[in-house]
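Chemist: Numbering (the numbering used here), first residue to last: 2 to 190. We put the beta carbon where it would ideally sit given N, CA and C, even for glycine.
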Ligand code: ADP
Ligand code: 5GP
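1. Excluding the 5 residues preceding and the 5 following residue 87 in the sequence, name in chain order all residues of the same chain whose CB lies nearer than 8 Å to its CB.
2. Starting from residue 15, follow the beta strand (DSSP E) in both directions and report where the run begins and ends.
3. Using beta-carbon positions only, say whether residue 42 and residue 93 come within less than 8 Å of one another.
4. Taking DSSP as the reference, what is the three-state secondary structure of residue 185?
5. On the CB-based measure, 16 or more other CB atoms within 10 Å of its CB, does residue 37 come out buried or exposed?
6. Give every residue of the same chain whose Cβ lies closer than 7 Å to the Cβ of residue 163, excluding the five residues on either side of it in the sequence, and list them in chain order.
7. Just mark residue 167 as buried or exposed, buried being the case when its beta carbon has 16 or more other beta carbons within 10 Å.
8. Do you know how far the Cα of residue 171 is from the Cα of residue 187?
9. Under a criterion of Cβ closer than 5 Å to any non-hydrogen atom of ligand 1, which residues qualify, in chain order?
10. According to the neighbour-count rule (16 or more other Cβ atoms, all chains shown, within 10 Å of its Cβ), is residue 12 buried or exposed?
11. Among the residues of its own chain, which have a CB less than 7 Å from the CB of residue 181, if the five just before and after it don't count?
See the structure below:
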């Protein structure tokens with residue numbers, strides 16, 4: 002019988018590709034999958050809860066934590082700072098299950114440098130047109146932040162070939178099964 006080993010998975014891809022939706026569905030199907038809560042200087046959106054969606058920090062507090070080496074990785078993304086707290090990775094590792102970091106492409110490449118055993122999964126939208134529909138349909142962006150996210154998407158898509166796995170999020174159920182299959186495969190090897 003093959004042994005199941007907890008692994009570190011990094012899920013990234015352009016804003017609006019459906020990372021959050023996919024990861025939430027995958028965790029519903031596999032509740033033992035851990036997820037780190039990131040810190041950000043972005044303002045909370047309606048419904049977002051501090052300590053659950055993100056740790057919402059002032060730019061000064063974020064910088065203090067960068068200087069104190071409190072992040073595994075951090076990056077400037079779409080005009081704000083985002084980072085994965087070391088404490089969040091520790092908390093999840095203690096639970097003994099695989100964990101997911103849902104972070105941007107710059108952060109993903111930093112994690113791979115530090116932890117070469119991490120598995121990078123790139124979530125790709127079916128097309129740029131669908132990406133734009135999803136981002137505007139989500140209703141969270143101003144025209145300016147929507148434009149920045151779409152502009153950045155082109156550069157992010159160009160980095161997909163540096164990932165271990167690329168998953169197209171067209172039909173949500175199919176993509177979720179694909180994500181869980183990737184996780185199962187790596188956990189058994
Ligand atoms: P990300 O976390 O990558 O920024 P989200 O998970 O917030 O993206 O998804 C962006 C929008 O697209 C949301 O409104 C979400 O409901 C929708 N969405 C996500 N996946 C799909 C899919 N497979 N088909 C249709 N809509 C989707
Ligand atoms: P949003 O503002 O839509 O919540 O997230 C914007 C982008 O920041 C997304 O691509 C998301 O994956 C990324 N992000 C979220 N948390 C982190 C993090 O801890 N580190 C990095 N590098 N990116 C993050």
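Modeler: On the basis of the supplied data:
1. 70, 71, 72, 73
2. It is not in any beta strand (DSSP E) - residue 15 carries neither H nor E in the DSSP assignment.
3. no
4. helix
5. buried
6. 110
7. exposed
8. 23 Å
9. 16, 17, 18, 19, 20, 21, 22, 135, 139, 170, 173
10. buried
11. 27, 30, 31
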